[in-house]
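Colleague: Residue numbers (my numbering): 28 to 190. Sharing a structure here in structure tokens format.
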Amino acid sequence: MRYLMKQKLFCWGDDFAIKNQAGADLFFVDGKAFSIGKKLSFQDMKGGELAFIQQKLLSWGPTWEIYRGGRLAAVVKKHLFALFRCKFTVDVPGPDDLEAQGSFLDMEYTFTRRGHVVAEVSKRWFSWSDTYGVDVRQGEDDVLILASTVVIDEVCHADGKKH
Numbered sequence: 028m029r030y031l032m033k034q035k036l037f038c039w040g041d042d043f044a045i046k047n048q049a050g051a052d053l054f055f056v057d058g059k060a061f062s063i064g065k066k067l068s069f070q071d072m073k074g075g076e077l078a079f080i081q082q083k084l085l086s087w088g089p090t091w092e093i094y095r096g097g098r099l100a101a102v103v104k105k106h107l108f109a110l111f112r113c114k115f116t117v118d119v120p121g122p123d124d125l126e127a128q129g130s131f132l133d134m135e136y137t138f139t140r141r142g143h144v145v146a147e148v149s150k151r152w153f154s155w156s157d158t159y160g161v162d163v164r165q166g167e168d169d170v171l172i173l174a175s176t177v178v179i180d181e182v183c184h185a186d187g188k189k190h
């Protein structure tokens, strides 16, 4: 399924609206302003929390944790010493870790599992600024991939945001 993510600028906290291809609102990511370390709540449109995302402070390199139902679902970490390219790992319990690599500043990258593409992130589908698409393959964990995409946006674009 293809999702459209539009970051809301000029607000306290970092908020993301997530829509389907037809433009219907599906999810909302609420940035918690004034917290120590960034905290984000990934919600359905009724306000039910589907995932909680928090920046892990005092870690070696950008590291974020994604919780679902109060349990740690994934740790998203940027590789600091990846030669010639930028890479993130989405470490999930068990053997199904994801890797994201590509041009993160341009919002053109893929998520892979054991070398197979499971999702693509791209601005090429949209002409609007701060809008990009996330195309998640059928059978994948859409919420986990979308939450990981939010983390990557936070890590790669935090300095350019206007608050």
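Where is the CB? At the ideal position from N, CA and C, for every residue including glycine. None of these values were measured; they are calculated from a predicted model.
Excluding five sequence neighbours on each side, which residues of the same chain lie with their C-beta closer than 7 Å to the C-beta of G187?
Modeller: Position 160 of the sequence shown, counting from 1, holds the residue named residue 187. Interpretation of G187 is limited by its pLDDT of 49, a score under 50 that renders its predicted location unreliable; no figure is taken from the coordinates.
Colleague: State yes or no: is the C-beta of I80 within less than 7 Å of the C-beta of A174?
Modeller: Taking the first residue of the sequence shown as 1, we reach residue 80 at position 53. Taking the first residue of the sequence shown as 1, we reach residue 174 at position 147. Yes, the Cβ-Cβ distance between I80 and A174 is below 7 Å.
Colleague: Quick one: grab the DSSP three-state call for S149.
Modeller: Along the sequence shown, one-based indexing puts residue 149 at 122. Under the three-state reduction of DSSP output, S149 falls in the strand class.
Colleague: Helix, strand or coil for S68? Go by DSSP, reduced to three states.
Modeller: Stepping through the sequence shown from its first residue, residue 68 is reached at position 41. In the structure shown, S68 sits in a strand (DSSP, three-state: E or B).
Colleague: Taking V161 as the reference, which of L67, P120, F138, L77 has the closest Cα?
Modeller: Position 134 of the sequence shown, counted from the first residue, corresponds to residue 161. It is F138.
Colleague: Give the DSSP-derived three-state secondary structure of S86 in the structure shown.
Modeller: The residue you call residue 86 lines up with position 59 of the sequence shown. Coil.
Colleague: Tell me where the beta strand (DSSP E) around R164 begins and ends.
Modeller: As a working note, residue 164 is residue 137 in the sequence shown. Here R164 belongs to no beta strand (DSSP E), and DSSP marks it neither H nor E.
Colleague: Just to confirm, are E76 and S86 a CB contact at a threshold of 7 Å?
Modeller: Working through the sequence shown from its first residue, we reach residue 76 at position 49. Working through the sequence shown from its first residue, we reach residue 86 at position 59. Cβ distance not < 7 Å, so E76 and S86 don't count as in contact.
Colleague: What residue range does the beta strand (DSSP E) around I63 cover?
Modeller: The sequence position of residue 63 within the sequence shown is 36, counting from 1. In this chain, I63 is not harboured by any beta strand (DSSP E), its DSSP state being neither H nor E.
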